[in-house]
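Single-structure report; data block below.
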Amino acid sequence: MKNSVFSWRGTVAGLAGGLLLIANASADEACGLCVKQIVTNSELATCFLDQYDQIAKGGSGAVVVDLSNCASRGVVEALPSPNKGAAEPDVQFMISRLQLQCLKKKLEAPGIVLDPSATIELDTCG
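Below, the structure written as structure tokens:
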């Protein structure tokens, strides 16, 4: 009976150790829930860059970005022209640490056009 208890404890310890390794996996690894691209505009991009240090703080792994408090309120936006439909900006999304750095780099690029909106690819940073 004691042998089965010890082997059970060893199995549990092994599983727990494996789960800890998975939980602490490098941020460089693929994030299943992370988006591959985001749609933003100049207002949300400025807000993101202003909050970057706070967003980037914390542990490793995926980062939840919530820019819902940045969206303009009470302002009626101009209707898009029928020929050019602007995509709705993303105000909440999940990205990896590498994608977070990539997004910052792309938003800081000189000459980037963000209005009425722009799609930013997060897997092509170079």
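Numbering (numbering that gives the first Met the number 0), first residue to last: 0 to 125.
Each residue gets a CB set at the ideal place from its N, CA and C atoms; glycine is no exception.
Looking at the DSSP output, GLN53 bridges to nothing. Inter-residue distance for LEU99 and PRO115 is about 22 Å (C-alpha atoms, whole angstroms).
Around the beta carbon of VAL112, a 10 Å sphere encloses fewer than 16 other beta carbons of the protein chains shown; the residue is thus reported as exposed.
Assignment of THR123 by DSSP, reduced to helix, strand and coil, places it in the coil class.
Here ASP114 is not bridged, per DSSP, to any residue. The secondary-structure analysis by DSSP pairs GLN100 with nothing; it has no beta-bridge partner.
Relative to LYS35, the option among PRO109, LEU97, ALA108, GLU107 whose CA is nearest is LEU97. ALA44 is positioned such that its CB atom lies closer than 8 Å to that of LEU106.
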